[in-house]
Every structure is written in structure tokens, then in C-alpha cells.
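Heads up, the thing below is written out as C-alpha cells.
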Amino acid sequence: MKTDNKIRSFTDLLAWKEGHKLVLNVYRITKSFPKDERFCLTDQMRRSVLSVTSNIAEGFSRPTKPDKKHFYYQALGSLTELQNQLLVSRDIGYLEAGEFSTVVDLTVSVSKLIRFLVRYLNTLSGP
Numbered sequence: 002m003k004t005d006n007k008i009r010s011f012t013d014l015l016a017w018k019e020g021h022k023l024v025l026n027v028y029r030i031t032k033s034f035p036k037d038e039r040f041c042l043t044d045q046m047r048r049s050v051l052s053v054t055s056n057i058a059e060g061f062s063r064p065t066k067p068d069k070k071h072f073y074y075q076a077l078g079s080l081t082e083l084q085n086q087l088l089v090s091r092d093i094g095y096l097e098a099g100e101f102s103t104v105v106d107l108t109v110s111v112s113k114l115i116r117f118l119v120r121y122l123n124t125l126s127g128p
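Per our numbering, the sequence shown starts with residue 2, numbered consecutively.
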């Protein structure tokens, strides 16, 4: 068990932890999508949400602020794609209002956390 608050791995980042919850939620809700969406909307949503946490992880491993920020911004782009796909899923009847709200609220939370990472990087001196 960790006794300090040092961030040693991307898995220590709150943005990644909340993003991982989002991944699990998206996989859960897309299980109930129609089979004919398997290679379309289901696949797109899963790719988008995985891209969020993957880009956070990759950004964490990069040595320079510009590189880190690039990947954090990529994560935000993937998150926005997912938000669009969630709207489509709701509007065509694949998601009920409660499920939709829960997942969208989590996307908003993850977005804020990623933006916090970028703002934090901007406060640091050096490359």
C-alpha cells in the first residue's frame, strides 16, 4: 500500500482512474447494443474511450511538456468523440436517460481532470 501521494505511474493519475471507470462503463453499456452495431457504433465507442486512457498513459510517459500536452489534448479529442457517440446512442434509443446522464457526467469529470493536468504542466518551468 502506498504511504505517500507521489505519482509514480499513469495509474496514479486521477484523470486515468476516472477514465478507467469510464472505459468500464462504456464496455458495460455497449454490451446491450444491437448485434448489427457491433462493428459500427459499439466499436467506435470502445475505440474512443480506450483512446482516452491510452493517451493519458502515453502522455504521462513522455519526457517533455509539449509531448505530454499533445497526448493529453488527444485524450480530450477522443473524449469529445465519445460524447458525440453517446448523444447518438441516446437519440436512437440505445441508451436510457439515466444511463446516458451517468456516463456523460463521467466524461465531463474526466475532461476537467485532463484539463487540470494541462494547466498544471503550464505552471512548471523547463521543457
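Ideal placement from N, C-alpha and C gives every residue a C-beta, glycine not left out.
Note that the structure is predicted; figures quoted are calculated from it, not measured.
Do R91 and the ligand NAP come close, with the Cβ less than 7 Å from some heavy atom?
-> No copy of the ligand NAP appears in this structure; indeed no ligand is present at all.
Discussion item. My parser needs the alpha helix (DSSP H) runs of 4 or more residues fully inside the segment 26 to 109; what are they?
Written reply: 42 to 62, 66 to 92
Open item on the list: Given this structure, state the Cα-to-Cα distance separating K113 from K66, to the nearest angstrom.
Closed with: Start at 1 with the first residue of the sequence shown, and residue 113 comes out as number 112. Start at 1 with the first residue of the sequence shown, and residue 66 comes out as number 65. So the alpha carbons of these two residues sit roughly 19 Å apart.
**OP:** Figure out for me which residue from F61, S126, A16 has the closest Cα to the Cα of R9.
**Re:** Taking the first residue of the sequence shown as 1, we reach residue 9 at position 8. Of F61, S126, A16, the residue nearest in Cα terms is F61.
ask   = Does the distance from the C-beta atom of V50 to that of L77 stay below 8 Å?
value = The residue given as residue 50 occupies position 49 in the sequence shown. The residue given as residue 77 occupies position 76 in the sequence shown. Cβ atoms of V50 and L77: not closer than 8 Å.
Practice task
Would you tell me roughly how many angstroms separate the C-alpha atoms of V89 and N6, rounded to the nearest one?
Solution key: The sequence position of residue 89 within the sequence shown is 88, counting from 1. The sequence position of residue 6 within the sequence shown is 5, counting from 1. The alpha-carbon atoms of V89 and N6 are separated by roughly 39 Å.
Best match in Y74, M46, I93, T103 for proximity to V119 [C-alpha to C-alpha]:
Taking the sequence shown and counting its residues from 1, one reaches residue 119 at position 118. Nearest option by C-alpha distance: Y74.
**Message:** Check whether the segment 34 to 44 and the segment 99 to 118 are in contact - that is, three or more C-beta pairs closer than 8 Å.
**Reply:** no
Secondary structure at V119, three-state DSSP: helix, strand or coil?
Within the sequence shown, the letter at position 118 stands for residue 119. Note: V119 maps to helix in three-state DSSP.
- Query: What is the DSSP secondary structure of G20, reduced to helix, strand or coil?
  - Reply: As a position in the sequence shown, residue 20 is number 19, starting the count at 1. It is helical.
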